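*Asks:* I am attaching a structure below and will ask some questions about it afterwards.
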Amino acid sequence: MAIIEVSHLEKRFGDNTVLKDINFSVSKGEVVSIIGSSGSGKSTLLRCINLLETPTSGTIRYHGRDIQDGALPQGEFHSKVGMVFQSFNLFNNLTVLDNCVVGQMKVLKRSRRESEENARKYLERVGMLPYQNARPAQISGGQKQRAAIARALAMDPEALLFDEPTSALDPEMVGEVLGTMKSLAQSGLTMLVVTHEMAFARDVSDRVVFMDSGVIVEDAPPKELFANPKHPRTREFLSRFMQG
Amino acid sequence: MSFPSTFFGWVAFLLDKYGMVFLRGTGTTLLIALTGTVFGFIIGLLVAIARTIELRDRAPRWRKGLMSFVKGLLAAYIEVFRGTPMMVQAMVIYYGGMQYLHIDMPVMVSAILIVSINTGAYMAEIIRGGIISVDKGQVEAAKSIGMTHWQTMCSIVLPQAVRNIMPSIGNEFVVNIKDSSVLNVISVSELFFMSKSAAGTYYRYFEVFFITSLIYLALTFSITRLLRFIEKKMDGNSSYTICGSQTDSRSAISVPVEKKEA
Numbered sequence: 535m536a537i538i539e540v541s542h543l544e545k546r547f548g549d550n551t552v553l554k555d556i557n558f559s560v561s562k563g564e565v566v567s568i569i570g571s572s573g574s575g576k577s578t579l580l581r582c583i584n585l586l587e588t589p590t591s592g593t594i595r596y597h598g599r600d601i602q603d604g605a606l607p608q609g610e611f612h613s614k615v616g617m618v619f620q621s622f623n624l625f626n627n628l629t630v631l632d633n634c635v636v637g638q639m640k641v642l643k644r645s646r647r648e649s650e651e652n653a654r655k656y657l658e659r660v661g662m663l664p665y666q667n668a669r670p671a672q673i674s675g676g677q678k679q680r681a682a683i684a685r686a687l688a689m690d691p692e693a694l695l696f697d698e699p700t701s702a703l704d705p706e707m708v709g710e711v712l713g714t715m716k717s718l719a720q721s722g723l724t725m726l727v728v729t730h731e732m733a734f735a736r737d738v739s740d741r742v743v744f745m746d747s748g749v750i751v752e753d754a755p756p757k758e759l760f761a762n763p764k765h766p767r768t769r770e771f772l773s774r775f776m777q778g
Numbered sequence: 002m003s004f005p006s007t008f009f010g011w012v013a014f015l016l017d018k019y020g021m022v023f024l025r026g027t028g029t030t031l032l033i034a035l036t037g038t039v040f041g042f043i044i045g046l047l048v049a050i051a052r053t054i055e056l057r058d059r060a061p062r063w064r065k066g067l068m069s070f071v072k073g074l075l076a077a078y079i080e081v082f083r084g085t086p087m088m089v090q091a092m093v094i095y096y097g098g099m100q101y102l103h104i105d106m107p108v109m110v111s112a113i114l115i116v117s118i119n120t121g122a123y124m125a126e127i128i129r130g131g132i133i134s135v136d137k138g139q140v141e142a143a144k145s146i147g148m149t150h151w152q153t154m155c156s157i158v159l160p161q162a163v164r165n166i167m168p169s170i171g172n173e174f175v176v177n178i179k180d181s182s183v184l185n186v187i188s189v190s191e192l193f194f195m196s197k198s199a200a201g202t203y204y205r206y207f208e209v210f211f212i213t214s215l216i217y218l219a220l221t222f223s224i225t226r227l228l229r230f231i232e233k234k235m236d237g238n239s240s241y242t243i244c245g246s247q248t249d250s251r252s253a254i255s256v257p258v259e260k261k262e263a
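For the protein sequence lines, the chains are A and B, in the order given.
For the first sequence, the working numbering gives the first residue as 535, with consecutive numbering after it.
For the second sequence, the working numbering gives the first residue as 2, with consecutive numbering after it.
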């Protein structure tokens with residue numbers, strides 16, 4: 535069953551059409567990677583699904599309910615579908631622990647004790663429990679991103695969106711974040727990942743979506759897409775990546 | 002009655018005779034500056050928050066209309082009160098209120114009112130700058146976990162914005178201590194007004210205002226130090242504790258962190 539269903543999605547910034555007639559869906563437990571060159575609209579698609587951008591037209595359904603028509607409270611939707619950003623976006627005035635607590639208390643109305651317990655559970659999961667008292671300015675990029683993943687998980691979401699989670703990291707730190715994501719994928723979390731990490735897309739995801747200039751060119755299981763790309767544009771993109 | 006013949010003699014004489022007058026004036030000045038800055042801060046906060054609200058594209062038209070009307074009013078308020086001298090504002094508000102609205106405000110109330118509204122106009126822009134300086138990513142992250150605009154402001158943006166603008170808030174406070182002296186035009190018994198009346202009795206303007214300037218300097222100097230101390234407190238611990246090592250879950254290692262210059 536589809537958790538997220540995007541149909542005929544279009545997004546324009548002024549005269550610039552960034553997304554054209556996007557149709558796809560993500561099922562429960564599925565890990566979907568979106569690949570493609572910069573400017574192909576991958577991140578905008580993710581931001582539309584998270585309502586950080588308002589789509590120009592088209593619908594996005596969450597469990598069959600349109601997330602934009604107002605029937606589904608946006609706070610509720612946001613707590614069910616979390617997001618991990620390229621630049622971490624941790625709350626700089628709060629400790630790592632409080633970063634994971636504030637949303638639970640404000641949005642889910644949990645008590646501080648319950649929120650902290652839950653937060654610690656996920657901080658431990660991403661290996662950040664020892665740093666719970668640190669502030670974002672005091673930890674490394676990879677640690678920040680793992681804390682940000684714990685923050686999203688602490689809301690007990692059904693699905694997580696990852697917007698190039700390793701692109702702002704030193705090569706040495708990419709591994710620790712990808713490792714965390716891999717273990718999440720194996721635990722059955724529904725994930726939609728925009729990434730330039732081809733190895734991750736190939737080895738971890740159930741489906742890979744290739745985007746080019748605002749359209750979905752190909753949508754296939756990784757084995758098929760990487761071994762036998764159908765579209766010439768996909769072949770071109772992949773060959774450039776494999777050489778590099 | 003014999004009068005002192007030296008400068009310091011006069012200073013001592015005046016201090017002895019008008020010590021209480023200076024003290025009362027200083028108290029009034031401090032009271033006006035402090036309450037004016039606090040109320041001005043609150044006014045500025047509300048104005049700045051209102052000016053940074055962004056309605057969604059799909060918001061109903063009447064709400065968009067109302068919003069731009071309110072924003073227009075607030076912009077006009079800032080322009081008017083930053084664009085005219087506080088001394089003139091004091092005359093207009095005090096005498097205008099008396100002649101046309103028939104409100105006979107106690108001078109202290111009107112003094113605090115004037116300083117608050119005036120400071121509010123400056124604070125609104127300072128705080129707006131502080132809000133803008135918090136990177137948008139954090140606002141998006143708050144939104145992505147379902148926090149409302151108001152929750153995001155209160156828990157994430159404003160604490161950082163206020164910390165960032167503490168030096169400017171201190172500036173406003175210092176300016177208010179000095180500029181409340183212009184309120185002598187509506188006979189507020191603040192430090193300048195009291196000094197003037199003390200000086201008039203013996204025609205010792207230089208000696209009296211020498212004392213007055215020292216008092217102003219002492220006030221602004223100590224308040225600047227105090228605010229710097231508060232800033233340091235706001236920055237919190239410069240170290241954090243790593244809880245639990247792999248071998249011993251009860252261990253705690255304190256990690257000192259080099260402070261970034263704010």
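C-beta: ideal position from N, C-alpha, C; glycine also.
On a predicted model such as this, the values are computed, not experimentally measured, just so you know.
Could you say which of B:S198, B:K234 and B:F230 lies nearest to F23 of chain B if we only look at CA atoms?
*Replies:* Translated into the one-based positions of the second sequence, residue 23 of chain B becomes position 22. Closest by alpha carbon: B:S198.
*Asks:* Helix, strand or coil: which one does DSSP assign to Y204 of chain B?
*Replies:* Taking the second sequence and counting its residues from 1, the one referred to as residue 204 of chain B is at position 203. Residue state, collapsed to three classes: coil.
*Asks:* Keeping to the same chain, check which residues put their C-beta closer than 8 angstroms to that of Q247 of chain B; ignore five residues upstream and five downstream.
*Replies:* Start at 1 with the first residue of the second sequence, and residue 247 of chain B comes out as number 246. Interpretation of Q247 of chain B is limited by its pLDDT of 48, a score under 50 that renders its predicted location unreliable; no figure is taken from the coordinates.
*Asks:* Could you please tell me which residues of the region 146–170 of chain B, in chain order, have their CB closer than 8 angstroms to any CB of chain A?
*Replies:* For the region 146–170 of chain B, which is checked against every Cβ of chain A, the residues closer than 8 angstroms are I146, G147, M148, T149, Q152, S156, I157, P160, Q161 and R164.
*Asks:* Just mark V93 of chain B as buried or exposed, buried being the case when its beta carbon has 16 or more other beta carbons within 10 Å.
*Replies:* Position 92 of the second sequence, counted from the start, is the residue given in the question as residue 93 of chain B. By the 10 Å Cβ count, V93 of chain B comes out exposed.
*Asks:* Going straight from the alpha carbon of E648 of chain A to that of V635 of chain A, what length do you get?
*Replies:* Translated into the one-based positions of the first sequence, residue 648 of chain A becomes position 114. Translated into the one-based positions of the first sequence, residue 635 of chain A becomes position 101. For E648 of chain A and V635 of chain A, the distance between alpha carbons rounds to 9 angstroms.
*Asks:* In chain order, what residues of the region 123–141 of chain B put their CB closer than 7 angstroms to some CB of chain A?
*Replies:* Those residues of the region 123–141 of chain B that come within reach of chain A (Cβ to Cβ, closer than 7 angstroms) are G138, Q139 and E141.
*Asks:* Determine the closest residue to V176 of chain B out of B:D105, B:I224, B:K144 and B:S190, with distance taken between C-alpha atoms.
*Replies:* Position 175 of the second sequence holds residue 176 of chain B. Checked all of B:D105, B:I224, B:K144 and B:S190; the closest Cα to V176 of chain B is B:I224.
*Asks:* Give the straight-line distance between the Cα atoms of A13 of chain B and M109 of chain B, rounded to the nearest whole angstrom.
*Replies:* Counting from one through the second sequence, the residue named residue 13 of chain B turns up at place 12. Counting from one through the second sequence, the residue named residue 109 of chain B turns up at place 108. Cα to Cα, the separation comes out at about 30 angstroms.
*Asks:* From the DSSP secondary-structure annotation, give me the bridge partner or partners of G616 of chain A.
*Replies:* Translated into the one-based positions of the first sequence, residue 616 of chain A becomes position 82. Bridge partners of G616 of chain A: A:L694.
*Asks:* I need the DSSP call for D180 of chain B, collapsed to helix, strand or coil.
*Replies:* Reading the second sequence from its first residue, position 179 is the one you call residue 180 of chain B. In the structure shown, D180 of chain B sits in a helix (DSSP, three-state: H, G or I).
*Asks:* Along chain B, in chain order, which residues have C-beta atoms closer than 9 angstroms to that of F619 of chain A?
*Replies:* Numbered from its first residue, the first sequence carries residue 619 of chain A at position 85. What F619 of chain A touches in chain B: G138, E141, A142 and S145.
*Asks:* List the residues of chain B that K640 of chain A touches, going by C-beta distances under 7 angstroms, in chain order.
*Replies:* As a first step, residue 640 of chain A must be located in the first sequence, where it is residue number 106. Near K640 of chain A (Cβ distances below 7 angstroms), the residues of chain B are M148, Q152 and S156.
*Asks:* With a Cβ-Cβ cutoff of 8 angstroms, do S117 of chain B and F40 of chain B count as a contact?
*Replies:* Residue 117 of chain B sits at position 116 when you count from the first residue of the second sequence. Residue 40 of chain B sits at position 39 when you count from the first residue of the second sequence. Taking 8 angstroms as the Cβ cut-off, S117 of chain B and F40 of chain B qualify as a contacting pair.
*Asks:* Assuming contact is defined by CB atoms lying nearer than 8 angstroms, are L642 of chain A and Q666 of chain A in contact in what I supplied?
*Replies:* The count along the first sequence starts at 1 and reaches residue 642 of chain A at position 108. The count along the first sequence starts at 1 and reaches residue 666 of chain A at position 132. No, the pair does not count as a contact, with Cβ atoms beyond the cut-off.
*Asks:* Chain B beta carbons: is any one of them nearer than 8 angstroms to that of H612 of chain A?
*Replies:* The residue given as residue 612 of chain A occupies position 78 in the first sequence. Chain B contact via Cβ: present.
*Asks:* Put K545 of chain A into one of helix, strand or coil per three-state DSSP.
*Replies:* Numbered from 1 along the first sequence, position 11 holds the residue referred to as residue 545 of chain A. Three-state result, K545 of chain A: strand.
*Asks:* Identify each residue in the region 718–748 of chain A for which the Cβ-Cβ distance to at least one residue of chain B is less than 9 angstroms, and report them in chain order.
*Replies:* Cβ contacts with chain B: none found.
*Asks:* Please report how far the alpha carbon of I212 of chain B lies from the alpha carbon of G28 of chain B, in whole angstroms.
*Replies:* Walking along the second sequence from the start, residue 212 of chain B turns up at place 211. Walking along the second sequence from the start, residue 28 of chain B turns up at place 27. Rounded to the nearest angstrom, the two C-alpha atoms are 15 angstroms apart.
*Asks:* Any C-beta of chain B within less than 7 angstroms: which residues of the region 625–637 of chain A qualify?
*Replies:* The residues in question are F625, N626, N627, V636 and G637.
*Asks:* Should A263 of chain B be labelled buried (16 or more other beta-carbon atoms within 10 Å of its own) or exposed?
*Replies:* Position 262 of the second sequence, counting from 1, holds the residue named residue 263 of chain B. Legend: pLDDT at A263 of chain B = 39, less than 50; position of this residue unreliable, value from coordinates given subsequently. The residue is exposed, with fewer than 16 neighbouring Cβ atoms inside 10 Å.
*Asks:* By Cβ distance below 8 angstroms, which residues in the same chain neighbour S773 of chain A in space, the five residues on each side in sequence not counted?
*Replies:* As a position in the first sequence, residue 773 of chain A is number 239, starting the count at 1. Counting only Cβ-Cβ distances below 8 angstroms, and skipping sequence neighbours, we find nothing.
*Asks:* Would the region 566–584 of chain A and the region 653–663 of chain A be scored as touching if the rule is three or more Cβ pairs under 8 angstroms?
*Replies:* Contact fails: fewer than three Cβ-Cβ distances are below 8 angstroms.
*Asks:* Using three-state DSSP, classify D592 of chain A as helix, strand or coil.
*Replies:* For the purposes of this step, residue 592 of chain A is taken as the residue at position 58 of the first sequence. For clarity, residue 592 of chain A is Gly in the given sequence; the question names Asp instead. In this structure, G592 of chain A counts as strand in the three-state DSSP scheme.
*Asks:* With DSSP as the reference, please indicate the residues paired to M745 of chain A in a beta bridge.
*Replies:* For the purposes of this step, residue 745 of chain A is identified with residue 211 of the first sequence, where counting begins at 1. Paired residue(s): A:I750.
*Asks:* What's the call for P607 of chain A, buried or exposed, on a 16-neighbour Cβ count within 10 Å?
*Replies:* As a working note, residue 607 of chain A is residue 73 in the first sequence. Exposed, because fewer than 16 other Cβ atoms sit within 10 Å of the Cβ of P607 of chain A.
*Asks:* Name the one or two DSSP bridge partners that E539 of chain A has.
*Replies:* As a position in the first sequence, residue 539 of chain A is number 5, starting the count at 1. According to DSSP, E539 of chain A bridges with A:S559 and A:R595.
*Asks:* Leaving out five residues before and five after R736 of chain A in sequence, what residues of the same chain have Cβ atoms less than 6 angstroms from its Cβ?
*Replies:* Here residue 736 of chain A refers to the residue found at position 202 when the first sequence is read from its first residue. Excluding sequence neighbours, R736 of chain A sits near P756 and F760.
*Asks:* Exposed or buried, D746 of chain A, counting other C-beta atoms within 10 Å across all chains shown (16 or more means buried)?
*Replies:* Taking the first sequence and counting its residues from 1, one reaches residue 746 of chain A at position 212. D746 of chain A comes out buried.
*Asks:* Which value, in whole angstroms, describes the spacing of the CA atoms of V140 of chain B and A688 of chain A?
*Replies:* Stepping through the second sequence from its first residue, residue 140 of chain B is reached at position 139. Stepping through the first sequence from its first residue, residue 688 of chain A is reached at position 154. Cα-Cα distance, rounded: 18 angstroms.
*Asks:* Leaving out five residues before and five after A668 of chain A in sequence, what residues of the same chain have Cβ atoms less than 7 angstroms from its Cβ?
*Replies:* Against the first sequence, residue 668 of chain A aligns to sequence position 134. Within the same chain, A668 of chain A has close Cβ partners T629 and V630.
*Asks:* Given that L586 of chain A touches chain B, what residues does it touch there, using C-beta distances under 8 angstroms?
*Replies:* Along the first sequence, one-based indexing puts residue 586 of chain A at 52. Near L586 of chain A (Cβ distances below 8 angstroms), the residues of chain B are E141, K144 and S145.
*Asks:* Taking the alpha carbon of A693 of chain A as the reference point, which residue from A:G616, A:S701, A:N627 and A:Q677 has its own alpha carbon closest?
*Replies:* On the first sequence, position 159 is the one that residue 693 of chain A refers to. The residue with the shortest Cα to Cα distance from A693 of chain A is A:G616.
*Asks:* Do A112 of chain B and I170 of chain B have their C-beta atoms closer together than 8 angstroms?
*Replies:* Here residue 112 of chain B is taken as the residue at index 111 of the second sequence, counted from 1. Here residue 170 of chain B is taken as the residue at index 169 of the second sequence, counted from 1. No. Outside cutoff.
*Asks:* Output the distance between the C-alpha atoms of K18 of chain B and F9 of chain B, rounded to the nearest integer angstrom.
*Replies:* Mapped onto the second sequence, residue 18 of chain B falls at position 17. Mapped onto the second sequence, residue 9 of chain B falls at position 8. Approximately 14 angstroms between the Cα atoms of the pair.
*Asks:* If you pair each beta-carbon of the region 703–720 of chain A with each one of the region 546–554 of chain A, do three or more pairs fall below 8 angstroms?
*Replies:* Touching, no, given that fewer than three Cβ pairs across the two stretches are closer than 8 angstroms.
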